[in-house]
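For what it's worth, numbering that gives the first Met the number 0 labels the leading residue of the sequence shown as 0, then goes sequentially.
Cβ atoms here follow ideal geometry from the backbone N, Cα and C, with glycine treated the same way.
Accompanying notes for the structure given below.
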Amino acid sequence: MVDPGDEVLIPRPCYVSYDPCTVLAGGIPVYIDLKEENEFRLTARELEEAITDKTKILILPFPNNPTGAIMERKDLEEIAKVVIEHDLFVITDEIYCELYYKDDYASIVQIPGMKERTVYINGFSKSYAMTGWRLGYACAPEVILKQMLKIHQFAIMCAPTTSQYAAIEALKNGDDDVKMMRDAYDQRRRFLMESFKNMGLKCFEPYGAFYVFPCIKEFGMTSEEFATKFLEEEKVAVVPGTAFGDCGEGYLRISYAYSIENLKIAIGRLEKFVEKLRKHK
């Protein structure tokens, strides 16, 4: 899919592995910095402006880690128009597709003309809480899957049989648990958004994954400085936004893959920390 020198478009903030995977394949990562005013969604205009005669692939990492941003069907339809017009290929990473807090989830493969130019990536780690089992899957045109199989076979051989049996059990009997956990995550998400509102901390509302991405620019500190100071003083770990690209400066990733009880403790400490910073501004 990528020859040496071909460009791969990567919207960011994003998961850190897309860049090195592109480089290992001989491609050149080209970043599209997403904006909070667009709810960290990729727009057709941003995509169009990033395309050159060397562009071959667009990576679509939605629902997004670290922002929790989503792409709705209307957004994907606009992206698909640009992709088809420029004859690009898409790799869509939808590992968080079951953790979606709006109605009518849409994938770009559902848009007419996109199935034949898309590699769909998913797995069991997030939806079934099987992060340690390391089992994923891909859907793509047959000609591409055959080449993917060659690489996978000689790099990894095969997925462990224990993981495969666990995944079969999840598929057969895990749907109720997925819904239960989605409802629990949604409750935690709403709690965090209400807490940020009460403490005056700016944060766009995410509708996917299990992350929030609050803005801390008002404090005049880098994301890393804030995260380090918060850890040292309040013993709570957050991830600086810059871990996911330079455009993450001024933001923090906070995961809500924890019990509501622990989140309440952490938010109480964050509120105390923020109040102290504001007093000393």
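- The criterion of a C-beta distance shorter than 9 Å is not satisfied by Val22 and Thr51.
- In the same chain as Leu276, and ignoring 5 residues on each side of it, the C-beta atoms closer than 6 Å to its own belong to Phe218, in chain order.
- Between the region 163-181 and the region 28-44 there are fewer than three inter-stretch CB-CB distances shorter than 8 Å, so the stretches are not counted as touching.
- In this structure Ser254 touches Tyr210 by the C-beta definition: roughly 6 Å separates them, less than 8 Å.
- If you draw a straight line from the Cα of Arg44 to the Cα of Asp74, it is about 11 Å long.
- With contacts defined as CB atoms closer than 9 Å, Tyr95 and Gly25 fail to qualify as a contacting pair.
- For Glu6, the enclosing beta strand (DSSP E) stretches over residues Glu6 to Arg11.
- Listed as beta-bridge partners of Thr117 by DSSP are Val89.
- Ala79 places its beta carbon less than 9 Å from that of Met113.
- Exposure of Gly199 is indicated by the presence of fewer than 16 other C-beta atoms within 10 angstroms of its C-beta.
- Counting every other CB atom within 10 Å of its CB across the protein chains shown gives Phe203 a total of 16 or more, marking it as buried.
- For Gly122, the secondary structure class from DSSP, reduced to helix, strand or coil, is strand.
- Residue burial annotation: Tyr164 is exposed, with fewer than 16 other C-beta atoms found within 10 angstroms of its C-beta.
- In the three-state reduction of the DSSP assignment, Ser162 falls in the helix class, which pools H, G and I.
- By the neighbour-count criterion, in which a residue is buried when 16 or more other Cβ atoms sit within 10 angstroms of its Cβ, Glu93 is buried.
- With 16 or more other Cβ atoms inside 10 Å of its own Cβ, Met180 counts as buried.
- By the CB criterion at 9 Å, Ile69 and Val89 fall outside the cutoff.
- Gly267 counts as exposed, since fewer than 16 other C-beta atoms from the protein chains shown sit within 10 angstroms of its C-beta.
- Going by DSSP, Tyr184 is part of the alpha helix (DSSP H) stretching over Asp174 to Met198.
- Under the three-pair Cβ rule at 8 Å, the region 5-12 counts as touching the region 238-247.
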